[in-house]
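Asks: Below is the structure I would like to discuss, written out as structure tokens.
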Amino acid sequence: MAEITLNSLAHSYGEKPDGQKEYAIREMTHVWEQGGAFALLGPSGCGKSTLLNIISGLLEPSEGEVLFDGKRVNELKPEERNIAQVFQFPVVYDTMSVYDNLAFPLRNIGVPEYKVRSKVHEVAEILELTEQLKRKAKGLSADQKQKVSMGRGLVRDDVSAILFDEPLTVIDPQLKWKLRRKLKQIHEQFNITMVYVTHDQLEASTFADKIAVMYNGQIVQFGTPRELFENPAHTFVGYFIGSPGMNFFEADLIQQTDGTTAIRFGEYDITASQTMLSQLSDMQVNKVTLGIRPEFVHVWDGKSDDAFLVEVDYVEDLGTYKILSFLFNGKMMKARLSEDQKIPSGQVYVSFPEQWTKVYVNDYLVEPKQETQDAN
Ligand code: ADP
Ligand code: MG
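Everything in the sequence shown is counted per the numbering used here, starting at 30 for the first residue and increasing by one.
Laid out in structure tokens, this is it:
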């Protein structure tokens, strides 16, 4: 079991025609703490597999270091790193029986046969492969093969970490759910550091305690599902997590003649704390992106003095809740209505609670500085 540190890591598969390097992983420093259940979540092509392959040693990073428990492992071959990796598509020996496939990683390191037998049976039991143990892998269905492949990753409990690269892609939805639960159980039982790669936010949040959201070769936020929802550190996290994602609009930062600062979107002034306004003023930007999740937009049943009057576009009924689309200064935005809420038509008052209206500059969240308690 190990803590995995990525130190100023970067990777480029090659050069662009103009000689500049094209980075699949842009410089990152990141720690996967020992024993955690983590997800690495991001869209296709953002660098997830590249990152896993660097950790397991299948790929040598062009820059930076990989450390296990503080020790540099860059020079170690994959088999010397003591890591199990499960890939998107099954890796099984077709001519061997399921039993021998599962036993392989253990026999490889000289585990005595009686221990191999008990471990193979234990893992087969968890994955519901007991009845297939004697069969040749060749005749198995795609998802059974993938279960064998996962089993091969799970038989050794002495590994430093287990890396899963979208392991449930070929598995049917019903079984997917079950296997994810099993993985979580296995994690709780053995406390092995696990990194689970997926592009599916639901899969990430059901498996992991902490999720690293990856975008364009970088980890833009590492946090609990709740942190990613409530306080997206980057606009991509706001957009990618949640359904529908966060509303964004670009507003102007206006320095007023009386010396105060205002955030203006068309004819509307958006409220922000004095601290935030002075922070933004210090940053000397003249545009900011504001973000608010549909769940946090307040939709008023009647008239409200502190709210904005907006045009209702349509209301979508999703069974247990409804999504209101409205036009705010020409920008289409969404709000989630609760079950018992009045369905608006025509025009409606909405407001954006300050706490949930996030401010972004160059796509990164501007964290409000804590106001000092005893300012003198
Ligand atoms: P993900 O797993 O998130 O879908 P990958 O790590 O596979 O992303 O790919 C990240 C980027 O690196 C992509 O732009 C991809 O085209 C590129 N890439 C991946 N593998 C190779 C390779 N062997 N050679 C060149 N480019 C690659
Ligand atoms: Mg991949």
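Each residue gets a CB set at the ideal place from its N, CA and C atoms; glycine is no exception.
How many Å lie between D369 and E340 at the Cα?
Replies: The sequence position of residue 369 within the sequence shown is 340, counting from 1. The sequence position of residue 340 within the sequence shown is 311, counting from 1. So the alpha carbons of these two residues sit roughly 21 Å apart.
Asks: Under 7 Å from any heavy atom of ligand 4, does the C-beta of D129 make it?
Replies: Among the ligands in the structure shown, ligand 4 does not appear; only ligand 1 and ligand 2 can be found there.
Asks: With a threshold of 7 Å (Cβ to nearest heavy atom), would E195 be considered close to ligand 2?
Replies: Along the sequence shown, read from residue 1 onward, the residue named residue 195 stands at position 166. Yes, the beta carbon of E195 sits closer than 7 Å to at least one heavy atom of ligand 2.
Asks: Could you pull out every residue in the same chain whose Cβ sits closer than 6 Å to the Cβ of N405, ignoring the five residues on either side in sequence?
Replies: Along the sequence shown, read from residue 1 onward, the residue named residue 405 stands at position 376. Legend: pLDDT at N405 = 48, less than 50; position of this residue unreliable, no value from coordinates given.
Asks: Where do the N-terminal and C-terminal ends of the alpha helix (DSSP H) with R181 fall, by residue?
Replies: Locating residue 181 in the sequence shown gives position 152, counting from the first residue. Counting along the chain, R181 sits inside the alpha helix (DSSP H) bounded by residues A171 to L183.
Asks: Can you list, in chain order, the residues of its chain with a C-beta nearer than 6 Å to that of I321? Leave out the 5 residues immediately preceding and following it.
Replies: Here residue 321 refers to the residue found at position 292 of the sequence shown. For I321, where only same-chain residues beyond five positions count, the Cβ hits under 6 Å are N276, F381, W385 and T386.
Asks: What whole-angstrom Cβ distance do S91 and A39 have, given they're in contact under 8 Å?
Replies: What you label residue 91 is simply residue 62 of the sequence shown in a count that begins at 1. What you label residue 39 is simply residue 10 of the sequence shown in a count that begins at 1. Correct: roughly 6 Å between the Cβ atoms.
Asks: Of all residues in the structure, which have a C-beta closer than 5 Å to any heavy atom of ligand 1, taken in chain order?
Replies: Y42, A53, S73, G74, C75, G76, K77, S78 and T79
Asks: Taking the Cβ atom as the reference point for each residue, do I240 and L70 lie within a distance shorter than 8 Å?
Replies: Mapped onto the sequence shown, residue 240 falls at position 211. Mapped onto the sequence shown, residue 70 falls at position 41. Taking C-beta atoms as the reference points, I240 and L70 count as a pair closer than 8 Å.
Asks: Scan the segment 196 to 247 and note each continuous beta strand (DSSP E) run of 3 residues or more that stays entirely inside, going in chain order.
Replies: 222 to 227 and 239 to 244
Asks: Can you look up N36 in the DSSP assignment and give me helix, strand or coil?
Replies: Along the sequence shown, read from residue 1 onward, the residue named residue 36 stands at position 7. Strand at N36.
Asks: Kindly identify the DSSP beta-bridge partner or partners of T290.
Replies: Position 261 of the sequence shown holds residue 290. Beta-bridge pairing links T290 to Q284.
Asks: With distance defined between alpha-carbon atoms, name the residue in A68, W329 and Y297 nearest to N358.
Replies: Your numbering for residue 358 matches position 329 in the sequence shown. Per the Cα distances, Y297.
Asks: Straight-line CA distance for D330 to F278?
Replies: Taking the sequence shown and counting its residues from 1, one reaches residue 330 at position 301. Taking the sequence shown and counting its residues from 1, one reaches residue 278 at position 249. Near 24 Å, if we compare the C-alpha coordinates of F278 and D330.
Asks: Can you check which of these residues, L282, S85 and S302, is closest to R293 by C-alpha distance?
Replies: As a first step, residue 293 is located in the sequence shown; it is residue number 264 there, counting from the start. Of L282, S85 and S302, the residue nearest in Cα terms is L282.
Asks: Can you tell which of V390, P141 and Q175 has its C-alpha closest to the C-alpha of V120?
Replies: In the sequence shown, residue 120 corresponds to position 91, counting from 1. If we check each option's Cα against that of V120, Q175 comes out closest.
Asks: For the alpha helix (DSSP H) that I84 lies in, which residues bound it at each end?
Replies: The sequence position of residue 84 within the sequence shown is 55, counting from 1. Taken as a continuous stretch (DSSP letters only), the alpha helix (DSSP H) holding I84 covers K77 to S85.
Asks: Count the C-beta pairs between the segment 253 to 262 and the segment 220 to 228 that are closer than 8 Å, then say yes if the count reaches three, no if not.
Replies: no
Asks: Between the alpha carbons of G43 and R55, how many angstroms are there, rounded?
Replies: Stepping through the sequence shown from its first residue, residue 43 is reached at position 14. Stepping through the sequence shown from its first residue, residue 55 is reached at position 26. Roughly 13 Å between the two C-alpha positions.
Asks: Specify, as a first and last residue, the run of the alpha helix (DSSP H) that H150 falls within.
Replies: As a working note, residue 150 is residue 121 in the sequence shown. That run of the alpha helix (DSSP H) goes E142 to I155.
Asks: Using DSSP with H/G/I as helix, E/B as strand and the rest coil, what is N405?
Replies: On the sequence shown, residue 405 is found 376 positions in, with the first residue counted as 1. Here N405 scores only 48 on pLDDT, less than 50, and its place in the model should not be relied on; the value that follows carries that caveat. Coil at N405, not helix or strand.
Asks: So what's Q114 in DSSP terms, helix, strand or just coil?
Replies: For the purposes of this step, residue 114 is taken as residue 85 along the sequence shown, with counting starting at 1. Strand.
Asks: I need the boundaries of the alpha helix (DSSP H) containing Q303, first residue and last residue.
Replies: If you number the sequence shown from 1, residue 303 lands on position 274. Its alpha helix (DSSP H) spans residues Q303 to M312.
Asks: Using only the alpha-carbon positions, how far apart do N245 and F251 sit?
Replies: Translated into the one-based positions of the sequence shown, residue 245 becomes position 216. Translated into the one-based positions of the sequence shown, residue 251 becomes position 222. About 15 Å.
Asks: Grouping DSSP H, G and I as helix and E and B as strand, with all else coil, what is E44?
Replies: Translated into the one-based positions of the sequence shown, residue 44 becomes position 15. Strand.
Asks: If you measure between the beta carbons of V326 and V379, is that distance less than 8 Å?
Replies: On the sequence shown, residue 326 is found 297 positions in, with the first residue counted as 1. On the sequence shown, residue 379 is found 350 positions in, with the first residue counted as 1. Yes, the pair counts as a contact, with Cβ atoms nearer than the cut-off.
Asks: Going along the chain, which residues of its own chain have a beta-carbon closer than 8 Å to the beta-carbon of M243, five neighbours each way excluded?
Replies: What you label residue 243 is simply residue 214 of the sequence shown in a count that begins at 1. Closer than 8 Å at the Cβ level, and outside the excluded window around M243, lie L69, L70, G71, C75, G76, K77, L80 and V249.
Asks: Do you know whose CA, among K163, R164, D186 and L156, lies nearest S178's CA?
Replies: Position 149 of the sequence shown, counting from 1, holds the residue named residue 178. Cα-wise, what sits closest to S178 is L156.
Asks: Does T79 have its Cβ less than 8 Å from a Cβ in chain D?
Replies: Here chain D cannot be found, since the structure has a single protein chain.
Asks: Determine the direct distance from the alpha carbon of A301 to that of D194, and round the result to whole angstroms.
Replies: Numbered from 1 along the sequence shown, position 165 holds the residue referred to as residue 194. Numbered from 1 along the sequence shown, position 272 holds the residue referred to as residue 301. Their Cα atoms are separated by approximately 42 Å.
Asks: In terms of DSSP beta bridges, what is D194 paired with?
Replies: In the sequence shown, the residue the question calls residue 194 occupies position 165. DSSP, once it has assigned bridges, lists V226 as partnering D194.
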